[in-house]
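Protein chains in written order, with the numbering used here: chain R, 1 to 111; chain E, 1001 to 1112. C-beta atoms are modelled at their ideal positions from N, C-alpha and C, and glycine is treated no differently. None of these values were measured; they are calculated from a predicted model.
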């Protein structure tokens, strides 16, 4: 089975940098995903890591260490609109991606 | 190019009843996955359909069943509804070998 842990809540200041950590234990792995979900809305894809290292995409970066079962999402230059839940998910499946999500980290950005 | 759509938006059912939720995948996507998201939790994988066949299932009882049609749209059926089935049901479409899944807005199911 899969076990995914991430902090429940975080608060950060507008303009700052925040790092959201995720640890996982998995019986199958074909990638580590991060999704953003605003309250009452569908999750939207942020990043995908399958190899160790850092992937950068604008203000958002995601890091993966497969040997440690560890990932983080880094958000720079925080904006008020970044207030949302951030979901870490592990993918499994042959040829396709079946996602197991953590409970999500609710990020509040304050002025 | 239209995105993923789901119907209905909201639904209220009584315990013991049956419900059918519908999902139209994004144009060209051949794979549909269904997730259940309880309040304050992350989505839980129910099952995935590819080429009209179930291609993986999460830890859900058989009263959760699905279909995929030749146009890649999909249905989720839940029989003998229980109070704990109250949740947001999300579908996500993708190409089979693609890691990027696009989620629909969800159907909010309330079981009373």
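Pairwise C-alpha distance: residue j and residue i
i: residue 1094 of chain E; j: residue 45 of chain R; result: 12 Å
i: residue 1182 of chain E; j: residue 1072 of chain E; result: There is no way to answer for residue 1182 of chain E, as the model of chain E reaches only from 1001 to 1112.
i: residue 72 of chain R; j: residue 110 of chain R; result: 21 Å
i: residue 82 of chain R; j: residue 69 of chain R; result: 26 Å
i: residue 1106 of chain E; j: residue 80 of chain R; result: 25 Å
i: residue 38 of chain R; j: residue 84 of chain R; result: 5 Å
i: residue 1096 of chain E; j: residue 1050 of chain E; result: 7 Å
i: residue 95 of chain R; j: residue 30 of chain R; result: 9 Å
i: residue 28 of chain R; j: residue 8 of chain R; result: 24 Å
i: residue 1044 of chain E; j: residue 1080 of chain E; result: 20 Å
i: residue 90 of chain R; j: residue 1090 of chain E; result: 17 Å
i: residue 34 of chain R; j: residue 102 of chain R; result: 10 Å
i: residue 1085 of chain E; j: residue 1060 of chain E; result: 11 Å
i: residue 51 of chain R; j: residue 1017 of chain E; result: 46 Å
i: residue 1033 of chain E; j: residue 1064 of chain E; result: 13 Å
i: residue 23 of chain R; j: residue 1092 of chain E; result: 24 Å
Cβ shell of residue i (< 6 Å), same chain only, five flanking positions each side left out
i: residue 1022 of chain E; result: 1007, 1075
i: residue 1067 of chain E; result: 1075
i: residue 16 of chain R; result: 78
i: residue 49 of chain R; result: 32, 55, 62, 64
i: residue 1010 of chain E; result: 1108
Simplified DSSP assignment, three categories, for residue i
i: residue 82 of chain R; result: helix
i: residue 52 of chain R; result: coil
i: residue 1081 of chain E; result: coil
i: residue 70 of chain R; result: strand
i: residue 60 of chain R; result: strand
i: residue 1042 of chain E; result: coil
i: residue 97 of chain R; result: coil
i: residue 4 of chain R; result: strand
i: residue 1096 of chain E; result: coil
i: residue 1073 of chain E; result: coil
Whole-angstrom C-beta distance between residue j and residue i, which should lie under 8 Å
i: residue 1099 of chain E; j: residue 86 of chain R; result: Rounded, the Cβ-Cβ distance is 18 Å, inconsistent with contact.
i: residue 19 of chain R; j: residue 74 of chain R; result: 5 Å
Identity of the residues DSSP links to residue i by a beta bridge
i: residue 1017 of chain E; result: Residue 1017 of chain E is not bridged to any residue.
i: residue 1089 of chain E; result: E:1036, E:1107
i: residue 1010 of chain E; result: E:1108
i: residue 1057 of chain E; result: E:1047
i: residue 1064 of chain E; result: E:1078
i: residue 9 of chain R; result: R:106
i: residue 18 of chain R; result: R:75
Contacting residues, own chain, Cβ-Cβ under 7 Å from residue i (five flanking each side not counted)
i: residue 54 of chain R; result: 61, 63
i: residue 57 of chain R; result: 47
i: residue 11 of chain R; result: 108, 110
i: residue 1042 of chain E; result: none
Own chain, CB closer than 8 Å to residue i, minus 5 neighbours either side, in chain order
i: residue 1005 of chain E; result: 1023, 1024, 1104, 1105
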